[in-house]
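Some notes on the structure that comes next.
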Amino acid sequence: MTTLISFIGKPKQRDSRSAAPTAGSSVNSTYDKVTYQFENGFQATTQFFGHAALQHHLGKRASGRASRPEQTRWIVIGTATSGWDMLADVAFDCDESCMDLATEWAATVKGEIDQGAATAPTLKAFENLFPNVDGVEILLRIADDDADALFTCLHECLHDGDSVVLDVTHGFRSMPIHALIALGALRWMKGVTISDILYGAFDRPKLQNDSIPAVSLLRSSKLARATPSLAAVHLSSDLEAAAEVTRILSIGDDEMREGLKSAHVYRSIMQGGRADNLLRSKAVSDAGHWAAQYPIDSLVSGFLRKNSAPAPNELSAAMQFRRAHNCFVRHDYMRAILLLAESIKDFAVEQLKLTPNENETSIKLADALQALADSPIAPSLDRKTLNKLRQLRNMIAHADNPHPDVKKLITDPKALRTFLAATIKTTRQALFPGLSLE
0 MTTLISFIGK PKQRDSRSAA PTAGSSVNST YDKVTYQFEN GFQATTQFFG
50 HAALQHHLGK RASGRASRPE QTRWIVIGTA TSGWDMLADV AFDCDESCMD
100 LATEWAATVK GEIDQGAATA PTLKAFENLF PNVDGVEILL RIADDDADAL
150 FTCLHECLHD GDSVVLDVTH GFRSMPIHAL IALGALRWMK GVTISDILYG
200 AFDRPKLQND SIPAVSLLRS SKLARATPSL AAVHLSSDLE AAAEVTRILS
250 IGDDEMREGL KSAHVYRSIM QGGRADNLLR SKAVSDAGHW AAQYPIDSLV
300 SGFLRKNSAP APNELSAAMQ FRRAHNCFVR HDYMRAILLL AESIKDFAVE
350 QLKLTPNENE TSIKLADALQ ALADSPIAPS LDRKTLNKLR QLRNMIAHAD
400 NPHPDVKKLI TDPKALRTFL AATIKTTRQA LFPGLSLE
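For the sequence shown, numbering that gives the first Met the number 0 assigns the number 0 to the initial residue and increments by one for each residue that follows.
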């Protein structure tokens, strides 16, 4: 469902000598009726820009034909003293036969405002008065101009998965800002996305036909849609999220995106070498595959390239330890434990020139750690720590019942974090003192 969100403010009083108000509007509190022209050439003449935005969304053209969306909701939000009576003109523009009802409603709500505040029942009456134009559902909501009120209002009115067009033209300047931040949170709580941001640009020069430009902030709304995926790239090095950002912002090509997705799969199953080989391939590493048209996209492209770079070419042990450290920083404790144990094993194999026992194709973790504990090359990594790490790793990798020595680590998250942090620090000092982790 597409939901248009508009705000209604308290317009400046009209000069008593100005032209008479249109049907349904009050004498002293109206926006000027102007013609708005959208960037695709569509025009709409109205007092309230939200109505022009609604008509634009419904696909109305100069011929009067409209393509009806499956579902559309229009939410108009204002304070108790906003110029709600102006909406009578919206109803009249949709259906001239409702002029008398619209005028009566405008007088009622204006009387309430003059007494101090419009009431929810009167606004509800307008929802029933508004003509059923192209199946539009209209909601009028009173909300104070503060974060809690706006968030609560949007949380109650928006459905899961709604695509939102945000009209930031009228109302207090702070209300659309509260709403924009609220929609960022509702992206996670209700799956809401911002498909466009619209603005009736009174402060810009008029167009040649004396109309007011209706500006789409589509570039910013695209960035808003991409932001959650950007966060995933930063927080967890999610390369599938990086591919999603490039799709939203039209960065690069499909071959590069598929490369990023495949590399993420390899990383997620701890096949870091395969992931790095793919990230070094021309399909992903070549600058031409990251081409971007606009400054925003170019800056984001640079961020994504930096965060999808393969690990440096280095010995397997150092490579595994780097990944273990990065997983720990990202709070990915399972892979941090598995990779840390693997890095210590690889170090022992590389430095001690270990070979598999007879009838075995590879060196067991227990044998590698035993050999390291028996050697003098890493005295700070004591046998007790190595055994505890091995038991912890086996419990996770094989879903074993925890060994008594690691049972506390499994049942006490703080103890697990403390042990893992200390072991990573000691391992770096003992085995990889010159390794840069920046």
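Where a beta carbon is used, it is the ideal one built from N, C-alpha and C, also for glycine.
Query, Result
"Length at least 4, wholly inside the segment 49–110: the alpha helix (DSSP H) runs in chain order", "86–93"
"Buried versus exposed call for Tyr30 [16 or more other C-beta atoms within 10 Å across all chains shown]", "buried"
"Outcome for Trp187 when other beta-carbon atoms lying within 10 angstroms are tallied against a minimum of 16", "exposed"
"C-beta contact flag for Ala262 and Leu278 at 7 Å", "yes"
"Contact belief for Ala248 with Asp285 at Cβ below 8 Å, rounded distance in angstroms", "The sequence given here has Leu at residue 248, not Ala. No, Leu248 and Asp285 are not in contact; Cβ-Cβ is about 19 Å, not under 8 Å."
"Rounded separation between Arg140 and Glu103 - CA only", "20 Å"
"For Ala200, three-class secondary structure by DSSP", "coil"
"Beta carbon proximity, His330 to chain C, threshold 7 Å", "Of the chains in the structure shown, none is chain C; there is only one protein chain."
"Local Cβ density within 10 Å of Ala105, reported as buried at 16 or more and exposed below that", "buried"
"Residue of Leu128, Thr45, Lys406 and Asp144 minimising C-alpha distance to Leu138", "Leu128"
"DSSP state of Gln350 mapped onto helix, strand, coil", "helix"
"Three-state secondary structure (DSSP) of Asp296", "helix"
"Integer-rounded CB distance, given that Ala367 should sit under 8 Å from Leu419", "The Cβ separation is near 19 Å, so there is no contact."
"Start-to-end residues for the beta strand (DSSP E) that takes in Ile452", "The requested residue 452 is not part of the displayed model; the chain covers only 0 to 437."
"Buried versus exposed, by CB contacts within 10 Å (16 or more), Lys383", "exposed"
"Closest by C-alpha distance to Arg246, when choosing among Cys326, Pro212, His158 and Val299", "Val299"
"Cut-off 7 Å between Cβ atoms - residues of its own chain near Ala148, not counting five sequence neighbours on either side", "Ala142"
"Uninterrupted alpha helix (DSSP H) stretches inside the segment 125–177 (no shorter than 4 residues)", "146–156"
"Cβ pair Ser260, Glu243 closer than 7 Å", "The question names Ser, but residue 260 in the sequence shown is Lys. The answer is no: Cβ separation not under 7 Å."
"Cβ-Cβ distance between Arg256 and Tyr265 below 7 Å", "no"
"Span separating the alpha-carbon of Met85 from that of His50", "11 Å"
"Presumed contact (8 Å Cβ cut-off) between Ile423 and His324, rounded CB distance", "6 Å"
"Distance, Ala231 Cα to Ala310 Cα", "19 Å"
"Identity of the residue in His402, Leu229, Arg203 and Ile268 nearest Tyr35 by Cα", "Arg203"
"Supposed close pair Phe320, Phe431 - CB separation, criterion 8 Å", "6 Å"
"Ser17, DSSP secondary structure in three states", "Residue placement at Ser17 cannot be trusted, given a pLDDT of 38 that sits under 50; what the coordinates show is reported in the next sentence. Residue state, collapsed to three classes: coil."
"C-alpha distance - Pro20 paired with Leu157, whole-angstrom precision", "Bear in mind that a pLDDT of 40 at Pro20, under 50, signals an unreliable position, so the number given afterwards is only what the model happens to contain. Going from the Cα of Pro20 to the Cα of Leu157 covers about 34 Å."
"N-terminal and C-terminal residue of the beta strand (DSSP E) that Val405 is part of", "No beta strand (DSSP E) holds Val405; DSSP gives it neither H nor E."
"Closest by C-alpha distance to Pro412, when choosing among Leu53, Tyr332 and Gln350", "Tyr332"
"Nearest candidate by alpha-carbon position, reference Gly183, set Pro212, Asp166 and Ala225", "Ala225"
"Residues bridged to Gln36 (per DSSP)", "Gln42 and Pro212"
"Through-space distance from Leu153 to Leu4, alpha-carbon basis", "The question names Leu, but residue 4 is Ile in the sequence shown. About 9 Å."
"Of the listed residues Val191, Lys387, Gly433 and Pro378, nearest to Ala414 (C-alpha basis)", "Lys387"
"Of the residues Leu216, Leu217, Phe201 and Arg218, the one placed nearest Ser210, counting alpha carbons only", "Phe201"
"CB-CB length for Asp161 against Ala52, believed under 8 Å", "Not really, about 16 Å apart at Cβ, beyond 8 Å."
"Paired residues, beta bridge with Ser374 - DSSP", "Answer by DSSP bridge pairing: none, since Ser374 is not bridged."
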